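Protein chains in written order, with this note's numbering: chain W, 31 to 350; chain R, 31 to 350.
2 protein chains.
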Amino acid sequence: MPAPPRPIRRDPEALFKAAREGDRTALARMLSVIERGGEDARTVGRLAFVESGGGYAVGLTGAPGAGKSTLTDRLIATIRQGGGEVGVLAVDPSSPYSGGAILGDRVRMQDHALDAGVFIRSMASRGHLGGLSLATREAIRALEAVGLPLVLVETVGVGQVEVEIAGAADTTVVVVNPGWGDAVQANKAGLLEIADVFVINKADRDGVRETEQDLRRMLEMSAPSAWTPPIVSCVAATGSNVEEVWAAIESHRAAQEGDGSLVQRRERRLEEELREIVLRRLEVQAWARLKDDRYQELLADLLERRVDPYTAAAALTEGD
Amino acid sequence: MPAPPRPIRRDPEALFKAAREGDRTALARMLSVIERGGEDARTVGRLAFVESGGGYAVGLTGAPGAGKSTLTDRLIATIRQGGGEVGVLAVDPSSPYSGGAILGDRVRMQDHALDAGVFIRSMASRGHLGGLSLATREAIRALEAVGLPLVLVETVGVGQVEVEIAGAADTTVVVVNPGWGDAVQANKAGLLEIADVFVINKADRDGVRETEQDLRRMLEMSAPSAWTPPIVSCVAATGSNVEEVWAAIESHRAAQEGDGSLVQRRERRLEEELREIVLRRLEVQAWARLKDDRYQELLADLLERRVDPYTAAAALTEGD
Numbered sequence: 031m032p033a034p035p036r037p038i039r040r041d042p043e044a045l046f047k048a049a050r051e052g053d054r055t056a057l058a059r060m061l062s063v064i065e066r067g068g069e070d071a072r073t074v075g076r077l078a079f080v081e082s083g084g085g086y087a088v089g090l091t092g093a094p095g096a097g098k099s100t101l102t103d104r105l106i107a108t109i110r111q112g113g114g115e116v117g118v119l120a121v122d123p124s125s126p127y128s129g130g131a132i133l134g135d136r137v138r139m140q141d142h143a144l145d146a147g148v149f150i151r152s153m154a155s156r157g158h159l160g161g162l163s164l165a166t167r168e169a170i171r172a173l174e175a176v177g178l179p180l181v182l183v184e185t186v187g188v189g190q191v192e193v194e195i196a197g198a199a200d201t202t203v204v205v206v207n208p209g210w211g212d213a214v215q216a217n218k219a220g221l222l223e224i225a226d227v228f229v230i231n232k233a234d235r236d237g238v239r240e241t242e243q244d245l246r247r248m249l250e251m252s253a254p255s256a257w258t259p260p261i262v263s264c265v266a267a268t269g270s271n272v273e274e275v276w277a278a279i280e281s282h283r284a285a286q287e288g289d290g291s292l293v294q295r296r297e298r299r300l301e302e303e304l305r306e307i308v309l310r311r312l313e314v315q316a317w318a319r320l321k322d323d324r325y326q327e328l329l330a331d332l333l334e335r336r337v338d339p340y341t342a343a344a345a346l347t348e349g350d
Numbered sequence: 031m032p033a034p035p036r037p038i039r040r041d042p043e044a045l046f047k048a049a050r051e052g053d054r055t056a057l058a059r060m061l062s063v064i065e066r067g068g069e070d071a072r073t074v075g076r077l078a079f080v081e082s083g084g085g086y087a088v089g090l091t092g093a094p095g096a097g098k099s100t101l102t103d104r105l106i107a108t109i110r111q112g113g114g115e116v117g118v119l120a121v122d123p124s125s126p127y128s129g130g131a132i133l134g135d136r137v138r139m140q141d142h143a144l145d146a147g148v149f150i151r152s153m154a155s156r157g158h159l160g161g162l163s164l165a166t167r168e169a170i171r172a173l174e175a176v177g178l179p180l181v182l183v184e185t186v187g188v189g190q191v192e193v194e195i196a197g198a199a200d201t202t203v204v205v206v207n208p209g210w211g212d213a214v215q216a217n218k219a220g221l222l223e224i225a226d227v228f229v230i231n232k233a234d235r236d237g238v239r240e241t242e243q244d245l246r247r248m249l250e251m252s253a254p255s256a257w258t259p260p261i262v263s264c265v266a267a268t269g270s271n272v273e274e275v276w277a278a279i280e281s282h283r284a285a286q287e288g289d290g291s292l293v294q295r296r297e298r299r300l301e302e303e304l305r306e307i308v309l310r311r312l313e314v315q316a317w318a319r320l321k322d323d324r325y326q327e328l329l330a331d332l333l334e335r336r337v338d339p340y341t342a343a344a345a346l347t348e349g350d
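Take a look at the structure:
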């Protein structure tokens with residue numbers, strides 16, 4: 031008789047334990063649990079939180095087509111050459127697909143899938159956008175908790191959510207191309223705010239110097255701070271100068287570890303996360319309460335234009 | 031002796047009254063008041079709300095460089111040829127500039143600035159992004175309240191905020207170009223959700239047919255609904271086929287007015303606005319409360335990793 035099949039679903043504690051012992055299938059399932067949310071996600075999150083904090087997370091963001099996946103792929107190779115293990119989260123807030131599926135131009139990364147020192151997972155939007163931002167933070171902690179010393183977080187676009195996700199890392203790399211123009215123009219301020227390292231990828235094209243000058247001008251106009259983001263040119267497709275990109279990331283890490291700002295940055299981020307979760311809970315509680323008669327009355331008044339939305343909102347929240 | 035100078039600052043009631051009587055400077059100031067927020071904005075908003083609802087708002091969105099400003103400019107001309115007056119809001123969530131300044135490629139629109147039947151105003155981010163989305167709704171109502179029967183709302187990019195702002199209109203036009211690829215890829219789902227009319231601008235370039243097929247495929251895959259967004263090609267730069275774009279907008283308007291879905295859409299939007307304002311008020315109230323000792327204790331526990339953020343958030347909100 032064949033052996034009985036392994037149980038497909040394990041309780042979150044068992045999943046966490048197995049993942050900690052090196053079971054990568056358990057780790058993948060744990061990330062699915064986190065992505066889905068709910069009670070099991072809370073349990074896994076609690077267990078991972080206590081064991082996290084020992085790793086280092088690098089975020090990569092930039093316009094679609096900037097070559098983030100190729101650069102991520104090269105950085106994985108650089109890290110592996112140094113002997114370190116690495117976890118990679120490929121986050122796509124606009125995609126409903128996730129889990130095992132590595133999408134489109136990420137196929138390249140699958141070369142590393144046979145390497146036991148590399149764990150790659152894509153995460154996509156399940157429901158609310160902000161939820162993905164919170165889920166990514168938990169996923170980073172899960173990877174840290176199972177002992178991965180480095181986590182690369184690649185996001186797909188340069189929208190607000192992508193910027194939030196990338197900005198949740200310890201070092202944030204903003205990838206641009208020579209002649210970065212229209213596509214990024216609309217979000218330059220947001221990118222400048224989160225960038226610790228600028229990478230001009232596809233630097234074999236025309237316009238590298240102009241792009242570098244453009245970035246420098248932007249940096250000069252911004253508020254002075256202890257760290258000035260270096261601007262590194264590379265050609266990820268050929269691997270040219272990718273080691274300098276990694277060196278810039280390591281310099282930023284060393285600077286932050288040296289002056290204590292890493293601890294401050296993590297504490298600030300954790301407080302922000304707490305506040306966001308508090309807000310989400312309040313939201314859920316508020317919507318539950320808004321089903322009541324008082325809400326229905328005010329809504330009817332609003333739709334008849336007897337009351338404006340701000341006055342109605344004030345009436346609904348005045349008891350708080 | 032010269033006459034005493036006119037008072038520069040008028041109270042919100044006087045501003046609203048003057049704007050209603052056709053004073054465009056007063057209208058511009060009223061929009062500044064709305065943009066700034068605060069008590070005066072509430073007063074103006076209350077007055078405008080009661081008088082609003084008689085106009086029609088058309089939102090235009092699409093990737094930077096898609097030609098939205100040029101198309102908007104042409105649509106203004108088309109509307110003016112029909113004899114109607116029109117208000118235009120050019121919304122840029124990423125820019126700190128606003129007010130009278132018409133930015134960059136919007137200079138062209140200034141040709142219409144001498145036309146008393148056209149009122150153009152740019153709005154930009156003052157503080158929180160979501161705030162601009164709410165402020166835009168109030169600005170649309172202000173333009174309606176002073177008697178402008180049509181309002182065009184042009185947003186700058188295709189990020190989440192831009193999509194929200196454009197989606198607050200009665201008809202939303204999504205502008206793409208032949209070969210719309212990477213730049214929009216990341217946000218196709220979001221655009222599909224809000225589009226009532228697709229415009230392929232710069233249709234004198236290669237790839238119009240492929241882009242149309244691509245859009246059709248997307249539309250076929252999406253949930254069936256009463257209205258199927260038409261796909262109209264044009265060359266805004268020359269004015270070619272822009273009248274067909276306007277005709278498509280008017281068809282959508284007629285369809286919505288005919289089957290009663292416009293009323294439903296506006297009611298749903300108003301309820302969403304109410305909920306968003308309620309949430310913002312709860313947020314402000316929550317942060318005020320979070321200064322207390324209990325919060326500081328839990329925050330210290332969190333930073334020492336004695337408690338995870340979700341458990342801490344539950345403890346902070348359990349009394350609600």
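We put the beta carbon where it would ideally sit given N, CA and C, even for glycine.
The structure displayed is predicted, hence computed values, not measured ones.
> Where Leu-312/W and Val-314/R are concerned, what is the direct C-alpha to C-alpha distance, given to the nearest angstrom?
Replying inline: The alpha-carbon of Leu-312/W is positioned some 11 Å away from that of Val-314/R.
> Which word fits Arg-167/R, buried or exposed, when buried means at least 16 other C-beta atoms lie within 10 angstroms of its C-beta?
Replying inline: Buried, by the Cβ-count rule.
>> Whole angstroms are fine: how far does the CA of Leu-90/R sit from the CA of Glu-334/R?
In response: Approximately 49 Å between the Cα atoms of the pair.
> So is Gln-315/W in contact with chain R if we call contact Cβ pairs under 8 Å?
Replying inline: Any Cβ of chain R closer than 8 Å to the Cβ of Gln-315/W would place that residue at the interface, and such an atom is present.
> In this structure, does DSSP put Glu-334/R in helix, strand or coil?
Replying inline: In the structure shown, Glu-334/R sits in coil (DSSP, three-state: anything other than H, G, I, E or B).
> Which residue from Val-63/R, Glu-303/R, Ala-330/R, Glu-297/R puts its Cα closest to that of Ala-172/R?
Replying inline: Among Val-63/R, Glu-303/R, Ala-330/R, Glu-297/R, the Cα nearest to that of Ala-172/R is on Val-63/R.
> From Leu-320/W to Val-88/R, what distance separates their C-alpha atoms?
Replying inline: When rounded, the separation of the alpha-carbon atoms in Leu-320/W and Val-88/R is 31 Å.
> Do you know offhand how far Ser-82/R's Cα is from Leu-162/W's?
Replying inline: Rounded to the nearest angstrom, the two C-alpha atoms are 37 Å apart.
> Val-385/W lies in the alpha helix (DSSP H); which residues open and close that run?
Replying inline: Because chain W spans 31 through 350 in this model, residue 385/W falls outside it and cannot be assessed.
>> Quick check on DSSP: helix, strand or coil for Gly-112/R?
In response: If DSSP states are grouped into helix, strand and coil, Gly-112/R belongs with coil.
> CB-CB under 6 Å to Leu-182/W, same chain, minus the five flanking residues each way: which ones, in chain order?
Replying inline: Correct list, in chain order: Val-88, Thr-102, Val-118.
> How many whole angstroms separate the CB atoms of Asn-231/W and Gly-97/W, which I take to be in contact at a CB cut-off of 8 Å?
Replying inline: Their Cβ separation, rounded to whole angstroms, is 4 Å, which keeps Asn-231/W and Gly-97/W in contact under 8 Å.
> Assuming Ser-99/R and Glu-184/R make a contact with CB atoms under 8 Å, what is their CB distance in whole Å?
Replying inline: Yes, they are in contact, since the Cβ atoms of Ser-99/R and Glu-184/R sit about 7 Å apart, within 8 Å.
> Under 8 Å Cβ-Cβ, which residues of chain W neighbour Leu-300/R?
Replying inline: Leu-332, Leu-333, Pro-339, listed in chain order.
>> Against Ala-120/R, what residues of chain W qualify as contacts under a CB-to-CB distance less than 8 Å, listed in chain order?
In response: None at all; the shortest Cβ gap to chain W is about 13 Å.
> Ala-199/R and Ser-152/R look like a contact to me (Cβ under 8 Å); what is the Cβ gap, rounded to whole Å?
Replying inline: With 8 Å as the limit, Ala-199/R and Ser-152/R do not qualify as a contact, their Cβ atoms being about 17 Å apart.
> What three-state label does DSSP hand Ser-152/R in the structure shown?
Replying inline: Reduced to three states, the DSSP call for Ser-152/R is strand.
> Counting only beta-carbon atoms, is Val-74/R nearer than 8 Å to chain W?
Replying inline: When Cβ-Cβ separations below 8 Å define contact, Val-74/R makes no contact with chain W.
> Roughly how many whole angstroms lie between the Cα atoms of Val-227/W and Phe-46/R?
Replying inline: About 49 Å.
> In this structure, what does DSSP give as the bridge partners for Tyr-325/W?
Replying inline: Tyr-325/W is not bridged to any residue.
> Quick one: any contact between the region 267 to 278 of chain W and the region 105 to 119 of chain W, if contact means 3 or more CB pairs under 8 Å?
Replying inline: Touching, per the Cβ criterion.
> Skipping 5 residues on each side, what residues in its chain have a beta carbon closer than 7 Å to that of Leu-57/W?
Replying inline: For Leu-57/W, where only same-chain residues beyond five positions count, the Cβ hits under 7 Å are Ala-49, Phe-149, Val-176.
> When the Cβ atoms of the region 291 to 302 of chain R are set against those of the region 323 to 341 of chain R, are three or more pairs found closer than 8 Å?
Replying inline: Too few Cβ pairs lie closer than 8 Å, so no.
> Excluding five sequence neighbours on each side, which residues of the same chain lie with their C-beta closer than 6 Å to the C-beta of Val-337/W?
Replying inline: Hits under 6 Å: Asp-331.
> Would Ala-169/W be called buried (16 or more neighbouring beta carbons within 10 Å of its own) or exposed?
Replying inline: Buried.
>> Spatial neighbours of Leu-329/R within its chain, please: C-beta separation below 7 Å, excluding the five flanking residues on both sides.
In response: Counting only Cβ-Cβ distances below 7 Å, and skipping sequence neighbours, we find nothing.
> Closest Cβ-Cβ distance between Ile-307/R and chain W: below 8 Å?
Replying inline: By this cut-off, Ile-307/R is an interface position.
>> Rounding to the nearest angstrom, what Cα-Cα distance links Arg-59/W and Gly-84/W in this structure?
In response: Arg-59/W and Gly-84/W: Cα-Cα distance of roughly 22 Å.
> So, Pro-179/R versus Glu-115/R, is the Cβ gap smaller than 8 Å?
Replying inline: The answer is yes: Cβ separation under 8 Å.
> Going along chain W, which residues have a C-beta under 9 Å from Gly-83/R?
Replying inline: Those within 9 Å of Gly-83/R in chain W are Arg-335.
>> Less than 8 Å between the beta carbons of Glu-65/R and Ala-165/R, yes or no?
In response: Taking 8 Å as the Cβ cut-off, Glu-65/R and Ala-165/R qualify as a contacting pair.
> So the alpha helix (DSSP H) Glu-240/W belongs to, where does it begin and stop?
Replying inline: Membership of Glu-240/W in the alpha helix (DSSP H) is indicated by the continuous run 238 to 251.
> Are there 16 or more other CB atoms within 10 angstroms of the CB of Asp-41/R, so buried, or fewer, so exposed?
Replying inline: Counting every other CB atom within 10 Å of its CB across the protein chains shown gives Asp-41/R a total below 16, marking it as exposed.
> Can you tell me whether DSSP reads Ser-263/W as helix, strand or coil?
Replying inline: If DSSP states are grouped into helix, strand and coil, Ser-263/W belongs with the strands.
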